[in-house]
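Asker:
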Amino acid sequence: MDDYQAVRELLPAPPLSPEVERAGRERLAAAFAHERVRRGRRAARWSAFGLVLAGAAAAAIAIAPTAPPRAPATSGTVAQADGKRFLLVAAESVASMPDEGAWWGRTEVNGRQFHEPGGRYVLRESESVETWIPADPEGRSWYRQTPQGTKPATPQDEAAWRVDGSPTSWTYDKTSETGHSGAVRAEPGEQSTWSTEDWDFRILTAGKPLTKMSEMPDTPEGLKALFDADDRTTIDTAARLLFFAPVTSETRAAAYRLLASAPGVTTVGQVSDALGRAGQAIEYESGEFAPPNYAGATRTRLVIDPLSGRPLSIETRAVADGLLLTYTAIQDSRWADDNPLKENE
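Counting in the working numbering, the sequence shown runs from 2 upward without gaps.
#1: Three or more C-beta pairs closer than 8 Å, one from the segment 158 to 170 and one from the segment 129 to 144: is that the case here?
#2: Just curious, the alpha helix (DSSP H) that residue 341 is in, first and last residue?
#3: Across which residues does DSSP place residue 270 in a beta bridge pair?
#4: Return the first residue and the last residue of the alpha helix (DSSP H) that residue 253 is part of.
#5: With a cut-off of 8 Å, do at least 3 Cβ pairs link the segment 278 to 298 to the segment 311 to 326?
#6: Determine the extent of the alpha helix (DSSP H) in which residue 235 is found, giving its start and end residues.
#7: Quick one: using the 10 Å Cβ neighbour count with 16 as the cut-off for buried, is residue 340 buried or exposed?
#8: Grouping DSSP H, G and I as helix and E and B as strand, with all else coil, what is residue 167?
#9: Counting C-beta neighbours from all protein chains within 10 Å, is the total for residue 271 16 or more, i.e. buried, or is it exposed?
#10: Of the residues 326, 267, 314, 281, which one's Cα is nearest the Cα of residue 296?
#11: Residues bridged to residue 92 by DSSP?
#12: CB residue 308 to CB residue 94, shorter than 8 Å?
#13: Tell me whether residue 193 is buried or exposed, calling it buried when 16 or more other Cβ atoms sit within 10 Å of its Cβ.
#14: Skipping 5 residues on each side, what residues in its chain have a beta carbon closer than 6 Å to that of residue 151?
#15: Roughly how many angstroms separate the alpha carbons of residue 267 and residue 344, rounded to a whole number?
#16: Let's see if you can read the secondary structure: which residues bound the alpha helix (DSSP H) around residue 313?
#17: Please state whether the Cβ-Cβ distance between residue 314 and residue 329 is less than 8 Å.
#18: By DSSP, does residue 225 sit in helix, in strand, or in coil?
#19: Report yes if the C-beta distance between residue 102 and residue 338 is below 8 Å; otherwise report no.
#20: At the level of alpha carbons, what is the spacing between residue 46 and residue 84?
#21: Classify residue 290 as helix, strand or coil using the three-state DSSP reduction.
#22: If we ignore side chains and look at the alpha-carbon of each, how far apart do residue 198 and residue 139 end up?
#23: State the start and end residues of the unbroken beta strand (DSSP E) segment that holds residue 149.
#24: For residue 191, which option in 232, 129, 220 has the closest C-alpha, if you only look at C-alpha atoms?
#25: Looking at C-alpha atoms only, which residue of 316, 342, 311 is the closest neighbour of residue 97?
#26: Where does residue 306 fall in DSSP's three states?
#27: Out of 117, 108, 135, 111, point me to the one whose CA is closest to residue 170's CA.
#28: Flag this pair as yes or no: are the beta carbons of residue 263 and residue 236 separated by less than 8 Å?
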């Protein structure tokens, strides 16, 4: 892993507040009400947000496939918006989030899934990572990593694991697509805490290091010009920025709007993410977040809570069978004046 990849994997995502969630719910409800009127009149226009995407981009969103409505998974879940419209709702919600503080902190769960050596069931290996990045570019960044061990991925996999004798370790050879060589063990590893002073990058997008958050554009057009890349790389970079970078709320909203107009992005509908949380999802073809030794084609899924504007998880799935390969799920993120990891050193 190079330094740039390490920075990308350790960058954080946005905070959530009750006020923002309520505002997002009101905007989403208004959008659905407007959409019902639009369908009755058969008019081709956007909702009352005033977020207009011109020309071919608007046409592409209008014809994006829509999954059939599903029953809400939780009392706070709203039915799916047409096409990628929920990304525009999320953009409006996230734009009002606070983005000031001495530290940007988050807790995420990183995981990957793979078949046991005999291919009879799927295992999930995961770890929790807490990150605190200083607003001061001269400050040190702090991390706490807690390996959570390996276990069967689903109840069905657990049943097959029990039939297999409930093993607590599995041995792989060097050709395995899991990326493991040798034994994989069930028990959690030791927790570790450390700090680094390698934040000269501060933000890294499309291979371009920037020195402070205010250097990031706050419009979709500005971000696209900054990335200066093909469609797939642009989508990957927007996803990294949206989920991981400590940018301003307006820049994060611009990333949502960029994804809404990007070709090659399709809607999945309402789903549960890797941690079982309800959200809306989009997918696109990409190998950016796939395991390094995985040879097959993959698709990247972004799961979003449009009511709050909070990104929930990035998931990489195999095209062949839909198997979840890797994921990063954001459990919590916020700006704060204190860093608990530094205080406990």
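Beta carbons: idealized from backbone N, C-alpha and C, even for Gly.
Answerer: By the coordinates alone:
#1: no
#2: 341 to 344
#3: 282
#4: 250 to 262
#5: yes
#6: 232 to 245
#7: buried
#8: coil
#9: buried
#10: 326
#11: According to DSSP, which records beta bridges pairwise, residue 92 is partnered with nothing at all.
#12: yes
#13: exposed
#14: 124, 126, 185, 187
#15: 44 Å
#16: Where residue 313 is concerned, there is no enclosing alpha helix (DSSP H), although the beta strand (DSSP E) it sits in stretches over 311 to 319.
#17: yes
#18: helix
#19: yes
#20: With a pLDDT of 21 at residue 46, under the threshold of 50, the modelled position of this residue cannot be trusted; read the value that follows with caution. Using only the alpha carbons, I get a separation of about 13 Å.
#21: coil
#22: 8 Å
#23: 142 to 153
#24: 129
#25: 311
#26: strand
#27: 117
#28: yes
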